[in-house]
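I have placed the structure first, in the form of structure tokens, so that the comments after it can refer back to it.
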Amino acid sequence: MSPEEKLDELRSQVKKFQNERDLAILEKGFAAEGNDDLRENAQYDYWLERELFYTGKIKNLLEEIHNISVKIKNKPKRKTIKPQKTQDYTLTQKHKWL
1 MSPEEKLDEL RSQVKKFQNE RDLAILEKGF AAEGNDDLRE NAQYDYWLER ELFYTGKIKN
61 LLEEIHNISV KIKNKPKRKT IKPQKTQDYT LTQKHKWL
């Protein structure tokens with residue numbers, strides 16, 4: 001699998017996890033409305049854990065994307081071959097203008 005294909009796959013996973021995280025945030029909000037005391041609200045705790053789980057997954061995937069993209073961009077450049085002098089120009093006389 002080429003690095004570009006792997007990057008595309010990782011980006012699609014990030015989008016999927018972002019959508020699931022948005023859903024978890026919405027459900028967490030509904031659970032918070034249902035019960036005013038959040039210390040005893042199991043639904044709120046569940047959706048909070050799911051949100052944190054998705055946030056961690058997204059962070060790990062973004063870090064992996066960054067590592068792969070840095071490797072792609074920092075390939076060593078080929079050295080250019082400098083032209084070498086074929087004649088020695090020090091033997092010719094210099095022009096005197098004045």
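Numbering (full-length UniProt numbering), first residue to last: 1 to 98.
Quick reminder that beta carbons are idealized off the backbone N, C-alpha and C, glycines included.
| query | result |
| --- | --- |
| By the three-class DSSP mapping on this structure, what secondary structure does Q84 have? | coil |
| Can you name, in chain order, every residue of its own chain whose Cβ lies under 8 Å from the Cβ of K6, other than the five neighbours on each side? | I68 |
| Nearest by alpha-carbon distance to Y46: which of K16, E4, V70, I25 is it? | I25 |
| How should K59 be labelled, buried or exposed, when 16 other C-beta atoms within 10 angstroms of its C-beta is the threshold for buried? | exposed |
| With distances taken between CB atoms, is the gap from residue 175 to Y44 smaller than 7 Å? | Residue 175 falls outside the range modelled here, since the chain spans only 1 to 98, and no answer is possible. |
| Is the beta carbon of V14 less than 7 Å from the beta carbon of L52? | no |
| Can you tell me the Cβ-Cβ gap for R11 and I81, rounded? I've got them flagged as a contact below 8 Å. | Rounded, the Cβ-Cβ distance is 39 Å, inconsistent with contact. |
| Going straight from the alpha carbon of R39 to that of L23, what length do you get? | 22 Å |
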